[in-house]
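K.L.:
Whatever position you read off the sequence shown (first residue = 1), add 773 for the numbering used here.
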Amino acid sequence: MKTVEKMEFSYLQQAKDYVDEVYEMVKKRNPDQVEFQQAVKEVFDSLIPVLAKHPNYMQQAILERMVEPERTITFRVPWVDDKGKVRVNRGYRVQFSSALGPYKGGIRFHPTVNESIIKFLGFEQTFKNSLTGQPIGGAKGGADFDPKGKSEMEIMRFTQSFMTELSKHIGPDLDVPAGDIGVGAKEIGYMFGQYKKLRGAYEAGVLTGKGIGYGGSLARKEATGYGTAYFMDAMFKDNGLSLDGCKVIVSGSGNVSIYAMEKMVELGANVIACSDSDGYIYDENGIYLETVKRLKEEEQGRIREYIKEHPHAMFKEGCSGIWEIPCDIALPCATQNEIDDSAARLLVANGVKAVGEGANMPTTLEAIEIFLENNILFAPAKAVNAGGVAVSALEMAQNSARLAWSFEEVDSKLYEIMNNIYTTSTKAAEDYGQPGNLVLGANIAGFIKVADAMIAQGII
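#1: On the premise that A951 lies in contact with G879, defined as a C-beta separation below 8 Å, what is that separation, rounded to the nearest angstrom?
#2: What does DSSP give as the partner residue(s) for M1191 in the beta ladder?
#3: Three or more beta-carbon pairs under 8 Å between the segment 1150 to 1157 and the segment 1038 to 1050, yes or no?
#4: Where R860 and K1010 are concerned, what is the direct C-alpha to C-alpha distance, given to the nearest angstrom?
#5: Note down the Cα distance separating E841 from V813, rounded to an integer number of angstroms.
#6: Cutting at 6 Å between CB atoms, please list the residues of its own chain near Y1032, excluding the five before and the five after it.
#7: Would you report the Cα separation of V1212 and D1017, rounded to the nearest angstrom?
#8: Let's see if you can read the secondary structure: which residues bound the alpha helix (DSSP H) around T905?
#9: Go ahead and pull the three-state DSSP assignment for T1108.
#10: Of all the beta strand (DSSP E) runs that stay within the bounds of the segment 1108 to 1184, which reach a length of 3 or more residues?
#11: Do you know offhand how far I1095's Cα is from R972's?
#12: Can you name, in chain order, every residue of its own chain whose Cβ lies under 7 Å from the Cβ of G1074, other than the five neighbours on each side?
#13: Going by CA-CA distance only, name the one from A958, D805, Y963 that's closest to N887.
#14: Taking the beta strand (DSSP E) that I1054 falls in, what are its first and last residues?
#15: If G1025 sits next to D1049, beta carbons under 8 Å apart, how far is it from one beta carbon to the other, in whole angstroms?
#16: If the criterion is Cβ atoms closer than 8 Å, does the pair A1132 and V1029 meet it?
#17: For the alpha helix (DSSP H) containing Q810, list its first residue and its last residue.
#18: Using the rule of at least 16 other Cβ atoms within 10 Å of the residue's Cβ for burial, across every protein chain shown, is Q1230 buried or exposed?
#19: What residue range is occupied by the uninterrupted beta strand (DSSP E) comprising E1090?
#20: How far does the beta strand (DSSP E) with N1216 in it reach, from first residue to last?
#21: Taking its Cβ as the centre, do 16 or more other Cβ atoms sit within 10 Å of A1174, making it buried, or is it exposed?
#22: Of the residues F931, P1135, Y987, S889, which one's Cα is nearest the Cα of R802?
#23: Would you grab the beta carbon distance between I1143 and V1121 for me? Rounded to a whole angstrom, and I think it's under 8 Å.
#24: Go to Q967, then tell me how far its alpha helix (DSSP H) extends in each direction, as first and last residue.
#25: Could you check the C-alpha separation between Y975 and G982 for me, to the nearest Å?
#26: Are the segment 932 to 943 and the segment 1186 to 1205 touching by the rule of at least three beta carbon pairs closer than 8 Å?
#27: Taking 8 Å as the limit between beta carbons, can you name the residues of its chain near A1201, skipping five residues before and five after?
#28: Among R930, D953, I943, which has the Cα closest to the Cα of G915?
#29: Look at E1138 and G1160 and say whether their C-beta atoms are less than 8 Å apart.
#30: Compare the beta carbon distance of T899 and V1162 with 8 Å and say whether it is the shorter of the two.
#31: Short of 8 Å in beta carbon distance, which residues of its chain neighbour Y963, apart from the five on each side in sequence? Order them along the chain.
#32: Report the partner residues of K877 according to the DSSP bridge assignment.
#33: Out of Y865, E1181, R844, L820, point me to the one whose CA is closest to I835's CA.
#34: Among the candidates V795, K826, Q810, E797, whose CA atom is the shortest distance from the CA of Y784?
#35: Can you tell which of F848, P875, I1060, S870 has the C-alpha that lies nearest to the C-alpha of N862?
#36: Got a sec? Which residues, its chain only, sit under 7 Å from P1208 by beta carbon, not counting five neighbours each side?
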């Protein structure tokens, strides 16, 4: 073996050993945090060629520093329900990385929220935010509170109690939360009001996803879904394909799903199925999106009610069955790990051409391998669903400048950002010997920017 080849092999082996060593440390320190471990594993596996080419990252212990949040905050959230009973939930804020800017990431209210889920989301958010090109770090927060079945007053009382503690740890130049599952415009409004009262000042930039009338940005509601569609369009064009006439399945029927469906239809695709936690609807002629919008956004209804107005459509109990429907494009936009290896095999067998992760980590590691092995175009979450946080950063910019941009201005910037993310991820995959592998490309592109900033700022 030639000397140069021996050196390259040596660095590659060092990189593999280093990754294995740090991952074992992560598992030992976080023994029950399976979601966090999964997110770390997915990123680490992509970074071996980078570490081999740039051993300085190993010498600087970058991975050890990246997997340890800069700050993890856990707090009690007491509140009183409508019957006068005192209830207590647990709140979280994990401030993962401020290397590129103030901490930035959503707040999730859901009974499944725990430290593992918040840490996996914050870890992913760090690289996703890096990919946007905006000056924002990574964070995530939430509580194990379930807004479903709660009255308006109960939600307000809980949210105000949550913000009373969170307000000690956030600010326009420190940490800027946004919404996520269970936290929409209403909850953001209650949080902003409580923060304003506690601080005695109008700091518009402390939260994003606000109402348009008090500092919110046009196109923020649509941004994650629109961005998902823009990314898929860029990927199809780059591979000599077109969205025209493609049959699309979108899991979920929340904010991301609805606006991904809307933009995919505008771009020529035909959305034939969507779901909620009860089950899924299938309409072979194409979903009537206005009905879904009304049911979900105005009436807070269930997706099964769709067939009352469109009896030719079909409703089936159980949301996981949606992946049995033959389609060209699958967009998992509901929750983590909703596509497992069996669902992936079904999609491949039924001729799927592309999968785009609208939700955070909706595909298991085994399922991703199946898609890549079968040459399915696979678009990972940290690239695909970065549109929401990108427009949140644009909202921060508008707040700082005391300006309000038009819908068209924001949408145009979003389109440009999503196309840049695609180009950057594609180039990184090519540079490190795996052209077309956007999982590797997105991870590497996001990582390098954060790692270089960490090295420049010293051991802190």
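Every residue, glycine too, gets a C-beta built ideally from N, C-alpha and C.
P.N.:
Judging by the given coordinates:
#1: With a Cβ gap of about 5 Å, G879 and A951 count as contacting.
#2: Secondary-structure assignment with DSSP links M1191 through no beta bridge to anything.
#3: Contact between the segment 1150 to 1157 and the segment 1038 to 1050 is absent: fewer than three C-beta pairs spanning the two stretches fall below 8 Å.
#4: R860 and K1010: Cα-Cα distance of roughly 52 Å.
#5: Just so you know, the alpha carbons of E841 and V813 end up roughly 11 Å apart.
#6: Cβ neighbours of Y1032 beyond the five flanking positions: E995, G998, Y999.
#7: One C-alpha to the other measures close to 25 Å.
#8: Going by DSSP, T905 is part of the alpha helix (DSSP H) stretching over 888 to 905.
#9: Coil at T1108, not helix or strand.
#10: If we require 3 residues or more, the beta strand (DSSP E) runs fully inside the segment 1108 to 1184 come out as 1127 to 1129, 1150 to 1152.
#11: When rounded, the distance between both Cα atoms is 47 Å.
#12: So the qualifying residues of the chain are L1068.
#13: That would be D805, whose Cα lies nearest to the Cα of N887.
#14: Its beta strand (DSSP E) spans residues 1052 to 1055.
#15: That belief holds up - the Cβ atoms of G1025 and D1049 are roughly 7 Å apart, short of 8 Å.
#16: Yes, the Cβ-Cβ distance between A1132 and V1029 is below 8 Å.
#17: Looking at the DSSP string, the run of the alpha helix (DSSP H) that includes Q810 is 807 to 826.
#18: By the 10 Å Cβ count, Q1230 comes out exposed.
#19: Looking at the DSSP string, the run of the beta strand (DSSP E) that includes E1090 is 1087 to 1090.
#20: Unbroken run through N1216 is the alpha helix (DSSP H), 1211 to 1229; no beta strand (DSSP E).
#21: Counting Cβ neighbours within 10 Å, A1174 comes out exposed, since fewer than 16 surround it.
#22: Nearest of F931, P1135, Y987, S889 to R802, Cα basis: S889.
#23: Contact check for I1143 and V1121: beta-carbon distance about 6 Å, within the 8 Å limit, so the pair qualifies.
#24: Unbroken alpha helix (DSSP H) run through Q967: 958 to 972.
#25: Distance from the CA of Y975 to the CA of G982, rounded to the nearest whole angstrom, comes to 16 Å.
#26: They do not touch, by the three-pair rule.
#27: A distance below 8 Å between beta-carbons, with the five flanking residues on each side excluded, links A1201 to the following residues of its chain, in chain order: L1213, G1214, A1215, I1217, A1218, I1221.
#28: Sorting R930, D953, I943 by C-alpha distance to the C-alpha of G915 places D953 at the top.
#29: The displayed chain sequence assigns Leu, not Glu, to residue 1138. By the CB criterion at 8 Å, L1138 and G1160 fall outside the cutoff.
#30: At the C-beta level, T899 and V1162 stay beyond 8 Å of one another.
#31: Excluding residues within five positions, the ones whose Cβ falls inside 8 Å are I928, M929, T932, Q933, M936.
#32: DSSP output for K877 lists V949 as bridge partner(s).
#33: Nearest C-alpha to I835: L820.
#34: Shortest Cα-Cα distance from Y784 to any of V795, K826, Q810, E797 involves K826.
#35: Measuring from the Cα of N862, the nearest candidate turns out to be F848.
#36: A1202, listed in sequence order.
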